[in-house]
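Chains as they are written, first to last, in our numbering: chain A, 2 to 486; chain B, -12 to 345. The beta carbon of each residue, even a glycine, is placed where N, CA and C say it ideally should be.
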């Protein structure tokens, strides 16, 4: 019979081992990412992306932006997308059965006319009611698709059916893209000769409290709200220290729904976006990777570390909770649909490294963390908790969290230098100190709720209200350029 | 030694874990403090350094502009520049960069004076250092400056850089060779490099456009290369330099088996739009697939007479690939096939949604 001490030691070392492995992984990925970013920046310094604007060799890109009840900002959003810099592109806005006058506003603003045409139905989508094009030459690269409501995936699929580009950029309509975002994202598709690039992701940053004018980001600031500021730090860690690494080892499973560039033929062959999940972005990438592995076709999912897309993050706890709940359910769907990949050597890096990482460290981490805390509470109640060890463990984890955030801030300062003022840096530092104590437990709580909701069969997005991005005039002090390359 | 042994004894058993956690926590805290301190230093240094280099650049640019306007003799300019360099050795690379940037603004004939000044200030040694550096981005910068200022003494070093696996460096080296008109070096590139990705081709074409060099790269040799990437680049250069006399000879490349080469040839045909290409395209049509088939059909619809194009396109109006079918139907609509007949061709297919304008 094993004694109580054995179980105590077993649990303690299991939790510790898990944590150490996770920390080690973070540190390795941070170091590799920093090196990759520096190399990327050095390469970019030799390329004048604007020269490519006149090149006839760049493939056509279709930007697909689903819109649902976006009447308030849709005209400005479309204008912002139309003003992107790229030699050959079209903007396809898909009105997903909006209940407001989204479509009418577009028709009025851009003098749209319904077209007579045949649309190849290559991926599944609900009925397309009409395709509109502008009568004005200036807006000739705008297409508006009107369809019955079917959700984001369905709208994206309708856009895929209608669009003409060789590559498709799937974005959120309310995102602010850097003017040269497409020029930068095209690079991996043209760079590879031995492998087919099936998708490229870009860095998403939070635009809360930043100054935006005519769809252009004029001034970058750390948000005043703690919830949003903590997400700034979280996005910096995720995009600068993690995804760059995963792309480097060709193991990236997630190309954010806010901005991703895909090879259209591969998307169509994989069946387009799935209607069965709220995590359609990750699910599509996993399905594409799985298809390529099964075909034994060399491929890559690449990533551009430049900050290319600015979006509004939730600034209230309640909305943040819903968002993370949905992300958890989406991830669980993707992992469940493609469980065949789990430690399956036939699927290469995807099966042996990326999938297990997502399983153990993205899905399981909040559960392990909660179990660890519950275990401590049990020990506390039974009087067998070693308080010295408990506080040391907390200090160990907390100091690592602050160190990792500092590393992310440092990488940003050494590379893209997005936050220049002392005030912004001071704010980020305070957030880095508070975030593990306040923000992180809430994220874990939301993920656990997501797990419970998933098991209870909850579907759907939940309401995600936005406050709208700041459109006030910039203050004269310290205007910040959006990229430094 | 004794203290280490004492420490080891102290950490025996459960204390091992305590010590480990404590050491790690202290390391993380120290790491955080160091990172934050470094960020603070970076902020201070960045501001000072950028202010210093901006002021120096402005002074150097003013001096060179005055010299070029003839208001300052070469001797006086040289003296002033030497003073700057003697005062702070860090001024040397900035001076090299200012001369390089200035030379980009001038026509080729007016650059010899700048080149002489560059050599007089021994800045060519900086280029040599860069070209020999182990860092690829320094080598690339060296190639760029040497190419711009026509420093032909570095040709052999630049030629060696064309064999780099780093794309950006290769682009800079090839651009420098084109700028210096080194035909023999350029002819060997295709032998030394298996690959020339589309990205590098895009960059090179744009660089060639800016260079506006009199001597064209040896693209005709590349058209006959055994390396598909170089054949592709040759075709693109053909189109880039408007060598329409060569385009008709590209027909056999449609049978190359490489879809990228086929697409590039079709692209040049589209740019030329010559009806004489129709027989070549009709020969190729049965072998064309996917995107190439679509482009061929569109080209034929544009180049053939209506009466001749209709039967060709009707053959493809029932193709298994909905995109090919759609292309044929669109082309037929453009050529004036009546709407009822078009609807009849479309109606039976479930993979096409027919949208009306009303």
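Asked: Taking a cut of 8 Å between CB atoms, which residues from the stretch 297 to 310 of chain B lie near chain A?; Found: 309 and 310
Asked: Listed from N- to C-terminal order along the chain, which residues in the stretch 378 to 396 of chain A have their beta-carbon within a distance smaller than 9 Å of any beta-carbon of chain B?; Found: 387, 389, 390, 393, 394 and 396
Asked: Enumerated in chain order, which unbroken segments of the alpha helix (DSSP H) with a length of 4 residues or greater are wholly contained in the stretch 325 to 391 of chain A?; Found: 365 to 383
Asked: Give the range of the alpha helix (DSSP H) segment to which residue 153 of chain A is assigned.; Found: 153 to 163
Asked: Candidates B:19, B:22, B:208 and B:160: which alpha carbon is nearest residue 177 of chain B's?; Found: B:208
Asked: Secondary structure at residue 57 of chain A, three-state DSSP: helix, strand or coil?; Found: coil
Asked: Grab the span of the alpha helix (DSSP H) containing residue 116 of chain A for me, first residue to last.; Found: Counting along the chain, residue 116 of chain A falls outside any alpha helix (DSSP H), and DSSP gives it neither H nor E.
Asked: Considering only their Cβ atoms, is the gap separating residue 296 of chain B from residue 288 of chain B smaller than 7 Å?; Found: yes
Asked: Residue 71 of chain B bridges to which residues according to DSSP?; Found: Answer by DSSP bridge pairing: none, since residue 71 of chain B is not bridged.
Asked: Can you tell me which of the three DSSP states residue 281 of chain A falls into?; Found: helix
Asked: Less than 7 Å between the beta carbons of residue 342 of chain A and residue 349 of chain A, yes or no?; Found: no
Asked: For residue 67 of chain A, count neighbouring Cβ atoms within 10 angstroms of its own Cβ and tell me buried if that reaches 16, exposed if not.; Found: buried
Asked: Out of curiosity, what's the CA-to-CA distance linking residue 276 of chain A and residue 461 of chain A?; Found: 11 Å
Asked: Is it true that the CB of residue 82 of chain B sits closer than 7 Å to the CB of residue 138 of chain B?; Found: no
Asked: Among the residues of its own chain, which have a CB less than 7 Å from the CB of residue 477 of chain A, if the five just before and after it don't count?; Found: Confidence at residue 477 of chain A is low in this model, with a pLDDT of 41, below 50, so the placement of that residue should be treated as unreliable; the coordinate-derived value is given next. Contacts found: none.
Asked: Under a three-way DSSP split, which group does residue 97 of chain A fall into?; Found: strand
Asked: State whether the stretch 90 to 98 of chain A contacts the stretch 108 to 120 of chain A, with contact taken as three or more CB pairs (one from each stretch) at a distance under 8 Å.; Found: no
Asked: Which runs of the alpha helix (DSSP H) at least 4 residues long sit entirely within the stretch 183 to 238 of chain A? Give them in chain order.; Found: 188 to 192
Asked: Take residue 75 of chain B as the anchor and find which of B:103, B:64, B:215 and B:40 has the nearest alpha-carbon.; Found: B:40
Asked: Anything in the stretch 186 to 201 of chain B with a Cβ closer than 9 Å to a Cβ of chain A? List those residues in chain order, please.; Found: 186, 187, 188, 189, 190, 192, 193, 194, 196 and 197
Asked: Which residues in chain B sit within 7 Å of residue 440 of chain A, going by Cβ to Cβ distance?; Found: What residue 440 of chain A touches in chain B: nothing, since even the nearest Cβ is about 18 Å away.
Asked: Can you list, in chain order, the residues of the stretch 7 to 37 of chain A whose Cβ is nearer than 7 Å to any Cβ on chain B?; Found: none
Asked: Over the uninterrupted alpha helix (DSSP H) stretch that includes residue 75 of chain A, give me the two end residues.; Found: 75 to 83
Asked: With DSSP as the reference, label residue 171 of chain A as helix, strand or coil.; Found: strand
Asked: By a C-beta neighbour count over all protein chains shown, 10 Å radius and 16 as the cutoff for buried, is residue 152 of chain B buried or exposed?; Found: exposed
Asked: Report the CB separation of residue 97 of chain A from residue 69 of chain A in whole angstroms; it is logged as a contact under 8 Å.; Found: 5 Å
Asked: Is the beta carbon of residue 166 of chain A sitting closer than 7 Å to the one on residue 80 of chain A?; Found: no
Asked: Taking 7 Å as the threshold (beta carbon to beta carbon), is residue 1 of chain A in contact with chain B?; Found: For chain A, the structure presents residues 2 to 486; residue 1 of chain A sits outside this window and is missing.
Asked: Run through DSSP, which three-state label would residue 135 of chain A get?; Found: strand
Asked: Near residue 193 of chain A, what residues of its chain come up, given a Cβ to Cβ distance below 7 Å and the 5 sequence neighbours on each side ignored?; Found: 301
Asked: Measuring only the C-alpha atoms, how far is residue 19 of chain B from residue 189 of chain A?; Found: 35 Å
Asked: Would you say residue 179 of chain B lies against chain A (beta-carbon separation less than 7 Å)?; Found: no
Asked: Please list the partners that residue 401 of chain A has in chain B, where partner means a Cβ-to-Cβ separation under 7 Å.; Found: 15
Asked: Which residue wins for smallest C-alpha separation from residue 12 of chain B, given the options A:185, A:405 and A:439?; Found: A:405
Asked: Can you tell me which of the three DSSP states residue 261 of chain B falls into?; Found: coil
Asked: When we look at the beta-carbon of residue 381 of chain A and count the other beta-carbons within 10 Å, is it buried (16 or more) or exposed?; Found: exposed
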